[in-house]
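Mapped onto my numbering, the consecutive letters of the sequence shown carry residue numbers 352 to 475.
From the three backbone atoms N, C-alpha and C, an ideal C-beta is built for every residue, glycine too.
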Amino acid sequence: MTSISDEQTAIIRTERGLSIAGTRITIYDIMDYVTAQYPPKFIRGLFDLTEEQINAALAYIEANRATVEAEYQMVLKEAEELRLYYEEKNRDLIARIAAQPPRSGTEAAWEKLRAAKAKFKSEL
């Protein structure tokens, strides 16, 4: 089992927030999967973490649940605000791009994509 001092050095605060030392992976990235109840082995493989790193992250989350949860909710809120901002900012650009005809030579690929989407919708 990891000691408290090992957990504290394995989880550090960076400009990105609480992160796993030696990586760019934040505790909030891990929280997305913890919240969705993914098994630790899956999360470890997804982020290419060592056994010690995933154990330290999960132990830190459990030991500091209220603080981590509060920060995680703030991260989710900020992400949603950014998404809405850029969606609004780029609405006209996206509409102009969507209105353009496909480039020459890509018609077959677009038709294949439309057929695949139609098939997928019919299977639902």
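Check: Run through DSSP, which three-state label would S370 get?; Outcome: strand
Check: What is the DSSP secondary structure of I376, reduced to helix, strand or coil?; Outcome: coil
Check: Could you tell me how far apart the beta carbons of V426 and Y384 are, in whole angstroms, since I believe they sit closer than 8 Å?; Outcome: Not quite, the Cβ-Cβ distance comes to about 14 Å (not below 8 Å), so this is no contact.
Check: P453 to K440, Cα distance in whole Å?; Outcome: 24 Å
Check: When we look at the beta-carbon of I448 and count the other beta-carbons within 10 Å, is it buried (16 or more) or exposed?; Outcome: exposed
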